[in-house]
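Asker:
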Amino acid sequence: MGWVAFALAMALLLYGSGRVWREWIGPTRHLDRLVQALESEETPATFLIGERGRMRRIGLALEGLSLRQKTLREQAQERELGIQAVARASADGVALVDHERRLRLTNSVFRGMFGITAERDDESFIEIVRDAVVERSLGEVLSGSTTQRSAMTLPGGGDRQVEVVVEPIQDEAQNIQGAVALFRDLSGVRQTEALRRDFVANVSHELRTPLAILRGYLETLLENPKQPPAELLRIFEVMERHSNRLTLLIDDVLSLARLEGPGATLDLTTIRPAAFLRGMMRDWEKQFAAKNLTANLEAADDLPALQVDEARLQEVIYNLLDNAVKYSDAGGRVEVRATREAEGICFSVADRGTGIPARDLPRIFERFFRADKSRQRERGGTGLGLSIVKHIAQLHGGHVAAESALGAGTTVRIYLPLVTKS
Amino acid sequence: MIAPKHILGTFDEALGNLRNNVLMMASLASRSLENALNGLQQRDDDLCATAIADDEEVDQLEKQVDKEGIDLLLRFQPVASDLRRVVAAMKLCSNLERMADQAVNIARKARKLNRHPVLPETDLIDPLREHAMAMFKDSIDAFVREDIELGRSLKARDRLLDELNRNASRQLVERMAQDPEQLRGYLNLMFIARHLERVGDHATNIAEDAVYAAAAEDIRHQPNAPAAA
Numbered sequence: 167m168g169w170v171a172f173a174l175a176m177a178l179l180l181y182g183s184g185r186v187w188r189e190w191i192g193p194t195r196h197l198d199r200l201v202q203a204l205e206s207e208e209t210p211a212t213f214l215i216g217e218r219g220r221m222r223r224i225g226l227a228l229e230g231l232s233l234r235q236k237t238l239r240e241q242a243q244e245r246e247l248g249i250q251a252v253a254r255a256s257a258d259g260v261a262l263v264d265h266e267r268r269l270r271l272t273n274s275v276f277r278g279m280f281g282i283t284a285e286r287d288d289e290s291f292i293e294i295v296r297d298a299v300v301e302r303s304l305g306e307v308l309s310g311s312t313t314q315r316s317a318m319t320l321p322g323g324g325d326r327q328v329e330v331v332v333e334p335i336q337d338e339a340q341n342i343q344g345a346v347a348l349f350r351d352l353s354g355v356r357q358t359e360a361l362r363r364d365f366v367a368n369v370s371h372e373l374r375t376p377l378a379i380l381r382g383y384l385e386t387l388l389e390n391p392k393q394p395p396a397e398l399l400r401i402f403e404v405m406e407r408h409s410n411r412l413t414l415l416i417d418d419v420l421s422l423a424r425l426e427g428p429g430a431t432l433d434l435t436t437i438r439p440a441a442f443l444r445g446m447m448r449d450w451e452k453q454f455a456a457k458n459l460t461a462n463l464e465a466a467d468d469l470p471a472l473q474v475d476e477a478r479l480q481e482v483i484y485n486l487l488d489n490a491v492k493y494s495d496a497g498g499r500v501e502v503r504a505t506r507e508a509e510g511i512c513f514s515v516a517d518r519g520t521g522i523p524a525r526d527l528p529r530i531f532e533r534f535f536r537a538d539k540s541r542q543r544e545r546g547g548t549g550l551g552l553s554i555v556k557h558i559a560q561l562h563g564g565h566v567a568a569e570s571a572l573g574a575g576t577t578v579r580i581y582l583p584l585v586t587k588s
Numbered sequence: 029m030i031a032p033k034h035i036l037g038t039f040d041e042a043l044g045n046l047r048n049n050v051l052m053m054a055s056l057a058s059r060s061l062e063n064a065l066n067g068l069q070q071r072d073d074d075l076c077a078t079a080i081a082d083d084e085e086v087d088q089l090e091k092q093v094d095k096e097g098i099d100l101l102l103r104f105q106p107v108a109s110d111l112r113r114v115v116a117a118m119k120l121c122s123n124l125e126r127m128a129d130q131a132v133n134i135a136r137k138a139r140k141l142n143r144h145p146v147l148p149e150t151d152l153i154d155p156l157r158e159h160a161m162a163m164f165k166d167s168i169d170a171f172v173r174e175d176i177e178l179g180r181s182l183k184a185r186d187r188l189l190d191e192l193n194r195n196a197s198r199q200l201v202e203r204m205a206q207d208p209e210q211l212r213g214y215l216n217l218m219f220i221a222r223h224l225e226r227v228g229d230h231a232t233n234i235a236e237d238a239v240y241a242a243a244a245e246d247i248r249h250q251p252n253a254p255a256a257a
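Protein sequences, first through last, are from chains A and B. With the working numbering applied, the first sequence corresponds to residues 167 to 588, in that order. With the working numbering applied, the second sequence corresponds to residues 29 to 257, in that order.
#1: Examine chain A for any beta-carbon lying closer than 8 Å to the beta-carbon of B:Ser55, and answer yes or no.
#2: Could you tell me the distance, in whole angstroms, from the CA atom of A:Ala504 to the CA atom of A:Leu377?
#3: Inspect the beta-carbon positions of B:Leu178 and B:Ala170 and report whether they are closer than 8 Å.
#4: Measure the C-alpha to C-alpha separation of A:Leu180 and A:Gly225 and round it to an integer number of angstroms.
#5: Let me check understanding here. Comparing Cα to Cα, which of A:His196, A:Arg381, A:Tyr484, A:Ile292 lies closest to A:Arg448?
#6: Output yes or no for whether 8 Å exceeds the beta carbon distance between A:Ile580 and A:Ala559.
#7: Strictly below 9 Å CB to CB, what residues from chain A border B:Arg48?
#8: Which one of A:Glu244, A:Gly259, A:Lys457 has the shortest CA to CA distance from A:Leu487?
#9: Can you check the stretch 455-500 of chain A for any alpha helix (DSSP H) of at least 4 residues that lies completely inside it and give the ranges in chain order?
#10: What residues match up with A:Asp264 in a beta bridge as DSSP calls it?
#11: Check whether the Cβ atoms of A:Thr436 and A:Gln480 lie closer than 8 Å to each other.
#12: I want to see whether chain A comes within less than 8 Å of B:Val172, judged by CB atoms only; does it?
#13: For A:Val366 and A:Leu412, I'd like the C-alpha separation in whole angstroms.
#14: Over the uninterrupted beta strand (DSSP E) stretch that includes B:Gln206, give me the two end residues.
#15: What does a CB cutoff of less than 7 Å around A:Gly498 pick up in its chain, not counting 5 residues either side in sequence?
#16: Tell me where the beta strand (DSSP E) around A:Leu271 begins and ends.
#17: Give the C-beta separation of B:Ser197 and B:Ala128 to the nearest angstrom, bearing in mind that I take them to be a contact with Cβ-Cβ under 8 Å.
#18: Opposite A:Thr505 in the DSSP bridges: which residues?
#19: Do you know whose CA, among A:Glu293, A:Thr272, A:Gly427, A:Met279, lies nearest A:Asp325's CA?
#20: Among A:Glu207, A:Arg199, A:Ser206, which one has its Cα closest to the Cα of A:Leu214?
#21: Assign A:Lys452 to buried or exposed, taking buried as 16 or more other Cβ atoms, counted over all protein chains shown, within 10 Å of its Cβ.
#22: Is it true that the CB of B:Tyr214 sits closer than 8 Å to the CB of B:Ala116?
#23: For A:Leu352 and A:Thr319, what's the separation of their Cα atoms in angstroms?
#24: Evaluate the contact criterion for the stretch 418-437 of chain A versus the stretch 383-398 of chain A: three or more CB pairs, one atom per stretch, below 8 Å.
#25: List in chain order: all unbroken beta strand (DSSP E) runs of 3+ residues lying wholly within the stretch 294-327 of chain A.
#26: Please confirm whether B:Leu43 has its beta-carbon closer than 8 Å to some beta-carbon of chain A.
#27: By a C-beta neighbour count over all protein chains shown, 10 Å radius and 16 as the cutoff for buried, is A:Phe402 buried or exposed?
#28: When you compare the CB positions of B:Met161 and B:Asp186, do they come within less than 8 Å of one another, or not?
#29: Going by other Cβ atoms of all chains shown within 10 Å of its Cβ, with 16 needed for buried, is A:Ser370 buried or exposed?
#30: Please confirm whether A:Gln241 and A:Leu271 have their CB atoms less than 8 Å apart.
#31: Count the other CB atoms within 10 Å of the CB of A:Leu355; is the residue buried (16 or more) or exposed (fewer)?
#32: DSSP three-state label for A:Ile437, please.
#33: Could you check what DSSP says for A:Leu550 in three-state terms: helix, strand or coil?
#34: Count the other CB atoms within 10 Å of the CB of B:Val201; is the residue buried (16 or more) or exposed (fewer)?
#35: Straight-line CA distance for A:Ser570 to A:Glu507?
#36: Is the shortest distance between the beta-carbon of A:Arg296 and the beta-carbons of chain B less than 8 Å?
Encoded structure:
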């Protein structure tokens with residue numbers, strides 16, 4: 167009897183322990199493993215803890231939390247990558263600053279401006295930027311102001327000015343979490359502005375000079391129309407010369423505007439360089455003869471055909487020959503060549519005229535730049551010819567070069583590819 | 029060399045604020061000097077007036093840095109490198125405030141000079157300006173980056189600035205003898221050169237404090253400092 171009771175008690179004990187293990191200890195250990203896996207951002211094989219009851223519900227809730235955590239992590243990562251991509255793509259320097267004024271993200275433009283490496287991204291904003299006004303703008307934005315704009319000079323010498331725009335970063339509840347500072351380099355803008363200003367000033371000056379002469383003679387004629395015939399003829403000749411000059415200038419300005427405009431196009435045809443240059447030389451025979459110049463053409467007939475805008479190339483050679491004739495002394499020599507180069511064909515026009523000082527040579531393709539200012543008027547010309555030449559070469563995917571020595575003459579070369587990409 | 033992060037976050041925060049205010053002062057003082065010197069070279073009284081007006085803000089910041097520094101010493105009672113950093117920041121701000129005062133002095137002299145026809149001898153100030161401003165920038169760099177070598181180099185460069193000042197003064201004295209009518213103008217230029225020389229002295233002090241903060245080494249009043257490169 168006693169043995170039976172003992173066995174029964176043992177069976178009950180075993181059954182009870184088994185149940186406690188199955189219902190509590192086993193699932194608790196499983197739960198512990200799940201939580202540890204979630205903490206280390208791993209995805210467990212299963213979230214099912216037990217077959218029913220509270221533990222099963224906890225397991226399913228954890229699965230929901232894990233999925234939510236994963237989605238949030240992916241969203242945050244996408245956002246972070248998006249921000250990084252935007253910062254990388256920006257032509258401005260970008261710095262993301264937290265509410266403690268520490269740098270959180272910078273792009274390479276910003277790092278280049280302030281000479282820092284990416285590893286210093288956790289530093290205080292002012293330690294890197296070191297500008298009181300910009301720091302003050304940042305402070306105002308972080309304490310609730312709207313966008314702030316200021317300007318500063320970049321460190322590292324020179325006078326590189328940047329415009330700084332500081333914009334707040336707000337969360338959904340409109341709380342300010344930090345700020346983004348954009349640094350826009352103004353040197354390019356200023357250079358363009360200066361170029362535009364110079365261009366307008368130069369054009370006005372160039373237009374005004376012949377106009378003043380025309381007006382002067384018109385006033386003379388109005389005051390005293392009865393001039394001797396010889397004087398009248400001289401006056402009309404001067405007026406014709408200056409009205410031609412005005413037409414030429416306006417043509418050149420329009421031509422340059424068309425070439426520089428975004429819609430500049432080329433009407434491409436295939437030409438044989440030697441035949442093309444022979445044609446040009448024939449057209450210029452009269453001008454060469456007028457100054458008693460010896461013109462020489464060197465262009466092999468077997469040079470490969472070239473795809474160019476023929477009218478534009480004629481303009482290029484016209485401008486170069488015009489300069490060569492203008493700056494050659496009477497009885498001088500003009501040499502025109504076309505040669506095969508690795509990149510395509512090189513056209514060159516050389517004279518043995520006055521030449522250009524070395525300091526002016528890099529600037530001769532600039533608009534209105536004149537090496538010989540004092541004698542410009544007597545030689546005519548608008549100061550735009552070489553600039554037009556450069557633009558036409560560039561439109562064809564080519565480039566220009568010049569060499570010169572004072573008293574020995576000038577050679578201008580135009581390199582054009584065989585095939586121009588339209 | 030970057031200082032290891034402090035376990036007590038609030039100390040780092042307070043020290044960070046102190047440094048930020050010092051850098052703000054440095055930027056303001058540098059801007060004032062640039063404004064004053066541009067006011068001289070471009071003969072622009074507005075720039076001189078800006079330099080004079082900005083001094084007020086530098087003075088306020090000096091008081092704030094002093095207060096924050098003392099608070100920090102009392103609250104955290106820092107020792108070793110922490111203590112040196114706090115003390116160096118406080119000493120720095122006093123030098124920066126004096127630099128801003130030099131900017132005011134230069135701006136006042138520039139305004140006087142701007143009332144009269146331009147003196148070609150104003151160009152004598154250019155090399156001094158370039159040298160003094162480069163020293164100023166490098167002294168702050170030495171402090172921020174804890175760059176001991178850069179800090180040490182300032183002393184020799186200060187001697188070069190002294191020499192530049194002597195040269196400029198000598199030439200101005202010669203001009204005074206040749207053209208006594210412009211005596212007042214030449215004197216003002218001499219004062220400006222002297223103020224720039226003082227800017228160099230303050231930059232050297234800052235560099236000395238930077239070396240002290242970074243390496244616990246006192247390089248003040250050492251006669252055998254290395255010569256300028």
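Just so it is clear, CB atoms sit at the ideal spot from N, CA and C, and this is done for glycine as well.
Answerer: This is what the structure holds:
#1: Closer than 8 Å to some Cβ of chain A, the Cβ of B:Ser55 qualifies, so yes.
#2: Spanning the two alpha carbons is a distance of roughly 40 Å.
#3: Cβ atoms of B:Leu178 and B:Ala170: closer than 8 Å.
#4: When the Cα atoms are used, A:Leu180 and A:Gly225 turn out to be separated by approximately 27 Å.
#5: Residue A:Tyr484 is the option with its Cα nearest to A:Arg448.
#6: Yes, these two residues count as a Cβ contact at 8 Å.
#7: According to the sequence displayed, residue 48 of chain B carries Asn and not Arg. Here the neighbours are Arg267, Ser290, Phe291, Ile292, Glu293, Glu301.
#8: Per the Cα distances, A:Lys457.
#9: Entirely contained in the stretch 455-500 of chain A, the alpha helix (DSSP H) runs reaching 4 residues are, in chain order, 476-493.
#10: A:Asp264 has A:Gly344 as its beta-bridge partners, per DSSP.
#11: The beta carbons of A:Thr436 and A:Gln480 sit no closer together than 8 Å.
#12: At least one chain A Cβ lies under 8 Å of B:Val172.
#13: Linking A:Val366 to A:Leu412 through their CA atoms gives a straight-line distance of about 15 Å.
#14: Unbroken run through B:Gln206 is the alpha helix (DSSP H), 176-206; no beta strand (DSSP E).
#15: Take A:Gly498, set aside five residues on each side of it, and the residues of its chain with a beta-carbon closer than 7 Å to its own are Leu459, Asp517, Arg518, Gly519, in chain order.
#16: It spans 269-272 - the beta strand (DSSP E) in which A:Leu271 sits, taken as one unbroken run.
#17: About 24 Å; that fails the 8 Å criterion.
#18: DSSP, once it has assigned bridges, lists A:Cys512 as partnering A:Thr505.
#19: Taking the Cα of A:Asp325 as reference, the smallest distance to any Cα among A:Glu293, A:Thr272, A:Gly427, A:Met279 is reached at A:Met279.
#20: That would be A:Arg199, whose Cα lies nearest to the Cα of A:Leu214.
#21: With fewer than 16 other Cβ atoms from the protein chains shown falling within 10 Å of its own Cβ, A:Lys452 counts as exposed.
#22: At the C-beta level, B:Ala116 and B:Tyr214 stay beyond 8 Å of one another.
#23: The C-alpha of A:Thr319 is placed about 10 Å away from the C-alpha of A:Leu352.
#24: Between the stretch 418-437 of chain A and the stretch 383-398 of chain A, the count of Cβ pairs shorter than 8 Å is below three; the stretches do not touch.
#25: Complete beta strand (DSSP E) runs here, min 3: 314-319.
#26: At least 8 Å separates the CB of B:Leu43 from every CB of chain A.
#27: Counting C-beta atoms within 10 angstroms of its own C-beta, A:Phe402 has fewer than 16 neighbours from the protein chains shown and is therefore classed as exposed.
#28: Not in contact: B:Met161 and B:Asp186 (Cβ atoms no closer than 8 Å).
#29: Around the beta carbon of A:Ser370, fewer than 16 other beta carbons lie within 10 angstroms, which makes this residue exposed.
#30: It is not a contact, given that the beta carbons lie outside the stated cut-off.
#31: Looking at the sequence shown, residue 355 of chain A is not Leu but Val. A:Val355 comes out exposed.
#32: DSSP, read as helix, strand or coil, puts A:Ile437 in strand.
#33: Coil.
#34: Under this definition B:Val201 is an exposed residue.
#35: Taking the straight line joining both Cα atoms gives about 21 Å.
#36: In terms of beta-carbon proximity, A:Arg296 lines the interface with chain B, with at least one pair separated by less than 8 Å.
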